[in-house]
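S.K.: Okay, handing you the structure first.
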Amino acid sequence: MNFYEHTIITRQDISPSQIKQIQDKYTKIIEGNEGDILKFESWGLLHLSYLIKKNKKGNYLHFKIKGNGKTIQELEKNEKIDKNLLRYLTVKVKELDLETDYFKKNDEDLKK
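If you read the sequence shown in this note's numbering, its first letter stands for residue 3, the second for the next number, and so on.
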């Protein structure tokens with residue numbers, strides 16, 4: 003089994019319930035193809051560096067996955083045809099950092 007970090011960017015105008023449906027859909031695909039989600043993070047609505055399909059912002063969903071090539075193949079096959087997604091990226095890593103939340107606001111950041 004390999005470790006992967008998988009990030010999805012959805013359109014800016016979808017509702018929180020649709021984001022939850024997208025998360026559930028891809029969770030089922032991963033788990034149905036011999037994969038395990040070790041961690042899920044919703045990074046929220048962030049600005050894009052450039053316009054993608056006339057969108058200035060996107061909702062970021064980040065999965066940390068343990069699986070094989072078949073898992074990722076099936077996941078990306080479904081993402082290619084999903085109209086709610088702007089982009090997706092899968093990166094194979096040697097080990098996963100499950101401790102750090104890079105986009106979580108902590109108390110020190112709020113006081114500044």
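C-beta atoms are modelled at their ideal positions from N, C-alpha and C, and glycine is treated no differently.
(1) In three-state terms, what does DSSP make of Ile-11?
(2) Run through DSSP, which three-state label would Tyr-28 get?
(3) Relative to the alpha-carbon of Lys-66, which residue among Gln-14, Glu-33, Lys-82 and Ser-17 has its alpha-carbon at the smallest distance?
(4) Excluding the five sequence neighbours on either side, which residues of its own chain have a C-beta within less than 8 Å of the C-beta of Gly-69, listed in chain order?
(5) Within its chain, find whatever has a CB closer than 8 Å to the CB of Lys-55; leave out the 5 residues flanking it on each side and keep chain order.
(6) For Pro-18 and Leu-63, I'd like the C-alpha separation in whole angstroms.
M.R.: Based on what the coordinates show:
(1) strand
(2) helix
(3) Glu-33
(4) Met-3, Asn-4, Tyr-6, Ile-32, Asn-35, Glu-36, Gly-37 and Asp-38
(5) Arg-13 and Leu-88
(6) 12 Å
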